[in-house]
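For reference, the structure discussed in these notes is given below.
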Amino acid sequence: MRYEMRAEYGPSGPSDGVKTWHIAHGGTEVALCGRELDASALTQDPELWSRAPDLNCHTCGALFLRETPYMPAEHE
Ligand SMILES: [Zn+2]
577 MRYEMRAEYG
587 PSGPSDGVKT
597 WHIAHGGTEV
607 ALCGRELDAS
617 ALTQDPELWS
627 RAPDLNCHTC
637 GALFLRETPY
647 MPAEHE
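According to my numbering, the sequence shown is numbered sequentially starting from 577.
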């Protein structure tokens, strides 16, 4: 299973910047936590999950860890 980080924006959209990073299965627009995200939202490699922890969705993080025992960031 492939994963990607998908951005949730503030109320004004992308101009507000990224409000929260969620994790979604590759090619889908529904995050692991159940939130529907914009199809055009920015995505990035889940290896970057540990880069800005303050912006991470905690529910997605917990589910992601459960689904992927080998977090890339922990095995460099
Ligand atoms: Zn989430």
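No residue lacks a Cβ here, since even glycine has one placed at the ideal position from N, Cα and C.
So, using beta-carbon positions, are residue i and residue j closer together than 8 Å?
i	j	result
arginine 611	histidine 598	yes
leucine 613	arginine 582	yes
tyrosine 585	alanine 607	no
valine 594	leucine 639	no
Rounding to the nearest angstrom, what Cα-Cα distance links residue i and residue j in this structure?
i	j	result
arginine 642	glutamate 580	15 Å
cysteine 609	serine 591	24 Å
proline 629	threonine 596	10 Å
glutamate 652	leucine 624	Note that glutamate 652 scores 42 on pLDDT, short of 50, meaning its location in the model is unreliable and no value can be drawn from it.
Name, in chain order, the residues that DSSP records as bridge partners for residue i.
i	result
methionine 581	Ile599 and Gln620
glutamate 612	Val606
lysine 593	First, the residue type needs correcting, since residue 593 is glycine and not lysine in the sequence shown. For glycine 593, which the question treats as bridged, DSSP gives no partner whatsoever.
Is residue i buried or exposed, if buried means 16 or more other CB atoms sit within 10 Å of its CB?
i	result
proline 622	buried
glycine 637	buried
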